[in-house]
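So the sequence lines, in the order shown, correspond to chains C and D. Heads up: the first sequence begins at 468 in our numbering, then just goes up one per residue. Heads up: the second sequence begins at 468 in our numbering, then just goes up one per residue. Heads up, the beta-carbon is just placed ideally off N, CA and C, and yes, glycines get one too. Since this is a predicted model, take the numbers as computed values, not measurements.
2 protein chains.
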Amino acid sequence: MSNNVTFTEKLRSSGLRPTKQRIEICKLLFNRANTFHFTINDLNKLLNKTSEKKISLATIYNTVHAFKKKGYLKEISINSERSYFDTNVTNHHHFFDESNNELIDLDNKYVEKITISKSLPGKKIKSVEVLVKVANNN
Amino acid sequence: MSNNVTFTEKLRSSGLRPTKQRIEICKLLFNRANTFHFTINDLNKLLNKTSEKKISLATIYNTVHAFKKKGYLKEISINSERSYFDTNVTNHHHFFDESNNELIDLDNKYVEKITISKSLPGKKIKSVEVLVKVANNN
DNA sequence: AATTTAACTTATAATGATTCTAAACTAGTG
DNA sequence: CACTAGTTTAGAATCATTATAAGTTAAATT
């Protein structure tokens, strides 16, 4: 996803109407050099700064959940206070910086293959993800 | 923690008054062969079955948070819908069974040493934990 | 291009989990 | 036994999220 036309097509092709609210949100989330981690609250504040007309909170919730359902966003649960969304939807790992509540991607290439010598009968593995909690040194 | 007398001593020694509500909750949580994973809601239901007099929800919240603060419980965030607590307070890993929302300990001995070849300047690692999501085979 | 309709947005109400409050109660101390 | 500080409690308050239902809009149909 990179420009408005592409957003329009992308949305339409996945069965979501390309409304101006959704395009606005796409621009904010996907016109970035790096992956982006955010909470609903972050997104709401950003949209209030960026966009002309206020997008209602309900629409923000609806859109984020629609995008998650379509696989454009991934939800990450680090702690009970807030839920994070991630524009990087691949299976990957995270640092969570407890000093400032920041979530940072940890690419698979930095984590050596994880070998688990236990399995649960009748269950198959859907994902294996590592969470590294960090804090300031001092 | 194993019997009432021990609970009384344990609570007192960590600066918590051994009230009958706290002892009741201790019995339920720590008189077990295995580690126990629960939500506040689970605990509330269990207490309603087990104990004579109803323990108020506020007290359950207070107690669980007091125990967490004292290091008798650990909080685990798997998804945004619910927060789990674990009587196993060591650094360890988990399976999360998406078919029935069950959290299962994955002992360190079953996970090969995790090597991470990236660090964040000025930050130190507090914990490294793996979450393996599983679901029914069929 | 106008009409229609199903999808979407919105403000607001409802919900549910958690925290707060302030009054009543209780463990431990003198 | 009386005192005090910690604890419990019911209910109110709060916060994030979801539901509702009325108005709006995209896009299919005519």
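Beta-carbon separation of residue i and residue j under 9 Å?
i: Glu565 (chain D); j: Ile583 (chain C); result: no
i: Thr517 (chain D); j: Leu495 (chain D); result: yes
i: Ile543 (chain D); j: Leu524 (chain D); result: no
i: Lys593 (chain D); j: Val601 (chain C); result: yes
i: Phe552 (chain D); j: Leu510 (chain D); result: yes
i: Thr526 (chain C); j: Leu540 (chain C); result: no
i: Thr475 (chain C); j: Ile490 (chain C); result: yes
i: His560 (chain C); j: Val599 (chain C); result: yes
i: Lys590 (chain D); j: Asn604 (chain C); result: yes
i: Ser481 (chain C); j: Lys537 (chain C); result: yes
i: Lys521 (chain D); j: Asn515 (chain D); result: yes
i: Ser547 (chain D); j: Ser550 (chain C); result: yes
i: Ile581 (chain C); j: Ile581 (chain D); result: yes
List the residues of chain C that residue i touches, going by C-beta distances under 8 Å, in chain order.
i: Tyr577 (chain D); result: Ile583, Ser584 and Lys585
i: Ala602 (chain D); result: Lys590, Lys591 and Lys593
i: Glu565 (chain D); result: Lys593
Taking C-beta pairs closer than 7 Å, name the residues in chain C that residue i reaches, listed in chain order.
i: Phe562 (chain D); result: Leu587
i: Asn546 (chain D); result: Ser544
State the beta-bridge partners of residue i as determined by DSSP.
i: Lys600 (chain D); result: C:Ser594 and D:Phe563
i: Phe505 (chain D); result: D:Phe552
Quick one: which chain C residues come within Cβ less than 9 Å of residue i?
i: Val556 (chain D); result: Going along chain C, no residue has its Cβ under 9 Å from Val556 (chain D), so there is no contact; the nearest lies around 15 Å.
i: Leu598 (chain D); result: Ser594, Val595, Glu596, Val597 and Leu598
Below 9 Å on C-beta distance, what does residue i contact in chain D?
i: Leu573 (chain C); result: Ile583 and Lys585
Residues of chain D with CB under 7 Å from residue i, in chain order?
i: Ser550 (chain C); result: Ser547
In chain order, what residues of the region 505-518 of chain D put their CB closer than 9 Å to some CB of chain C?
-> none
Which residues, in order along the region 521-537 of chain C, keep a beta-carbon less than 9 Å from a beta-carbon of chain D?
-> none
Run through the region 512-592 of chain D for me and flag every whole alpha helix (DSSP H) of 4 or more residues, listed as ranges in chain order.
-> Listed in chain order, the complete alpha helix (DSSP H) runs (minimum 4 residues) inside the region 512-592 of chain D are 524-537.
Unbroken stretches of the alpha helix (DSSP H), 4 residues or longer, contained in the region 468-492 of chain C | As summarised for the region 468-492 of chain C, the continuous alpha helix (DSSP H) elements at least 4 residues long and confined to that stretch are 471-480, given in chain order.
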